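S.K.: Input: one structure, supplied below.
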Amino acid sequence: MTVRVGVVVFPGSNRDIDAVNALQVAGAEPVRLWHEQASLDGVAAVIVPGGFAYGDYLRAGVIARFSPIMRGVADFAGRGGLVFGICNGFQVLAEAGLVPGALLRNRGLRFVCRQIAIAPERIDSPFTRLVGERRPLRMPVAHGEGCYFADPQTLDDLERDGQVLFRYVHDDGTPAEPGDRANPNGSLRAIAGVSNAAGNVAGLMPHPETASEAILGSDDGLAIIRSLVASAAERQASDRPLEFAAR
Amino acid sequence: MVTFRYAVNVTPRPGILDPQGRAVEASLGHLGIEGVSDVRVGRRVELTVDAASEPAAREVIDRLASELLSNPLIEAYAVEQLAATSSRRSDATSVPASESPTSS
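Which chain is which? The protein sequence lines are A and B, in order.
Residue numbers for the first sequence follow our numbering, beginning at 17 and rising by one.
Residue numbers for the second sequence follow our numbering, beginning at 133 and rising by one.
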């Protein structure tokens, strides 16, 4: 049975189409979830895609947080459902408190749109299990507010508990510090993606769904989408929350 | 019901990097201005609340300010009560011409 993965569509979403395409490439059945509906239509996982939900007015992601669909997503996440926020979707999840931290305006003030590299900190998470070895993955960023922030204690806790999923890296795989060009927004401790404590909700600023086919310049992101789909398929088959916890 | 008018001033918390503030500070030199530092850029939201009493209105404002208008992780807010007289009407004409929506 094909695994059904939801893609939330807000007014102002624009990477929902890329997410739908990547899910199809990964062999899943994408299901669009309109922001005004509260039901998730029985999907096995949810992607909150990139874009500018509700125009990013006030703060990126904050208005989307209060939409009916996000109440459904929060309930789903609370029951152990897999939720993956990409770029603006990460901002929405952070504003909703479903993943820790906040995304500040880029340190260089500019909107950054270019290819970067990230490396998974963990290759055993529901979002990275098919990445294979830890290696730099090339994919684009496209955001104005992607500077990951949390207070030092929270950052220590995230590292200790294995909640840092991805870091921006140089070509040789070493983390790119704020100020390095390979860290496109000044994110603290080079953090590009984090998960919640239970490990079933994750946010990532770069765009794996856009780097899902070689013709798009890179297919390094596909392993992340395929990981999500494989984890969702297991969940759909067992109809139980994933046996996964942060270490 | 009584009508109350408020301003909510939202500012980056101390220690939070504020690149907008830095950019403004860096531009001061071009104006030939010296002795200005610690520039922090925030946001001001003005709004009208109809409520039974001032404490009731303040309760609404505090919830709005902490849940929507500010992100407590990175921002602080301060509430300021404004004179309520015909504020709604004056709004239409009191927007400075220089004010335009910011984009992100």
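Where a beta carbon is used, it is the ideal one built from N, C-alpha and C, also for glycine.
It should be emphasised that the depicted structure is a prediction, and the values quoted were computed from it without experimental measurement.
Using the Cβ count rule (16 or more neighbours within 10 Å means buried), how would you classify S234/A?
M.R.: Residue 234/A sits at position 218 when you count from the first residue of the first sequence. Under this definition S234/A is a buried residue.
S.K.: Measure the alpha-carbon distance for N199/A versus C163/A and round it to whole angstroms.
M.R.: Within the first sequence, the letter at position 183 stands for residue 199/A. Within the first sequence, the letter at position 147 stands for residue 163/A. Going from the Cα of N199/A to the Cα of C163/A covers about 9 Å.
S.K.: Taking the alpha-carbon positions, what's the M133/B to R145/A distance?
M.R.: Position 1 of the second sequence, counting from 1, holds the residue named residue 133/B. Position 129 of the first sequence, counting from 1, holds the residue named residue 145/A. If I take the Cα positions, the gap works out to 58 Å.
S.K.: Beta-carbon within less than 6 Å of V140/B's beta-carbon, same chain only, minus the 5 sequence neighbours each way: which residues are those?
M.R.: Mapped onto the second sequence, residue 140/B falls at position 8. Correct list, in chain order: V177, A197, L201, Y209 and V211.
S.K.: Quick one: Cα of A215/B to Cα of T180/B, how far?
M.R.: Start at 1 with the first residue of the second sequence, and residue 215/B comes out as number 83. Start at 1 with the first residue of the second sequence, and residue 180/B comes out as number 48. About 11 Å.
S.K.: Start and end of the beta strand (DSSP E) containing V93/A?
M.R.: Numbered from its first residue, the first sequence carries residue 93/A at position 77. The sequence as given places Ala at residue 93/A; Val does not occur at that position. Counted as a single uninterrupted DSSP element, the stretch harbouring A93/A is not any beta strand (DSSP E) but the alpha helix (DSSP H) occupying residues P84 to G94.
S.K.: For H162/B and G67/A, what's the separation of their Cα atoms in angstroms?
M.R.: Your numbering for residue 162/B matches position 30 in the second sequence. Your numbering for residue 67/A matches position 51 in the first sequence. Their backbone Cα atoms lie some 35 Å apart in a straight line.
S.K.: Starting from Q131/A, trace the beta strand (DSSP E) both ways and give me its first and last residue.
M.R.: As a first step, residue 131/A is located in the first sequence; it is residue number 115 there, counting from the start. V128 to P136 is the extent of the beta strand (DSSP E) around Q131/A.
S.K.: What do you get for P156/A, buried or exposed, if any count of 16 or more other CB atoms within 10 angstroms of its CB means buried?
M.R.: Working through the first sequence from its first residue, we reach residue 156/A at position 140. So P156/A counts as buried.
S.K.: How many angstroms separate the CA atom of A227/A from the CA atom of L205/B?
M.R.: Taking the first residue of the first sequence as position 1, residue 227/A is located at position 211. Taking the first residue of the second sequence as position 1, residue 205/B is located at position 73. Approximately 32 Å between the Cα atoms of the pair.
S.K.: Under a Cβ-count criterion, where at least 16 other Cβ atoms within 10 Å of its own Cβ denotes burial, should Q213/B be classed as buried or exposed?
M.R.: Within the second sequence, the letter at position 81 stands for residue 213/B. Exposed, since its Cβ has fewer than 16 Cβ neighbours within 10 Å.
S.K.: With distance defined between alpha-carbon atoms, name the residue in C103/A, G28/A and G71/A nearest to I63/A.
M.R.: Here the question's residue 63/A lines up with position 47 in the first sequence. Closest by alpha carbon: C103/A.
S.K.: Please go through the same chain and pick out, in chain order, the residues whose beta-carbon is closer than 8 Å to the beta-carbon of P84/A, but skip the five residues on each side of it.
M.R.: What you label residue 84/A is simply residue 68 of the first sequence in a count that begins at 1. Result list for P84/A: H51, E52, Q53 and A54, in chain order.
S.K.: Using the three-state DSSP reduction, which class does G101/A fall into: helix, strand or coil?
M.R.: Position 85 of the first sequence, counted from the first residue, corresponds to residue 101/A. If DSSP states are grouped into helix, strand and coil, G101/A belongs with the strands.
S.K.: Counting only beta-carbon separations shorter than 9 Å, does R175/B have a partner in chain A?
M.R.: Mapped onto the second sequence, residue 175/B falls at position 43. Judged by the 9 Å Cβ criterion, R175/B is in contact with chain A.
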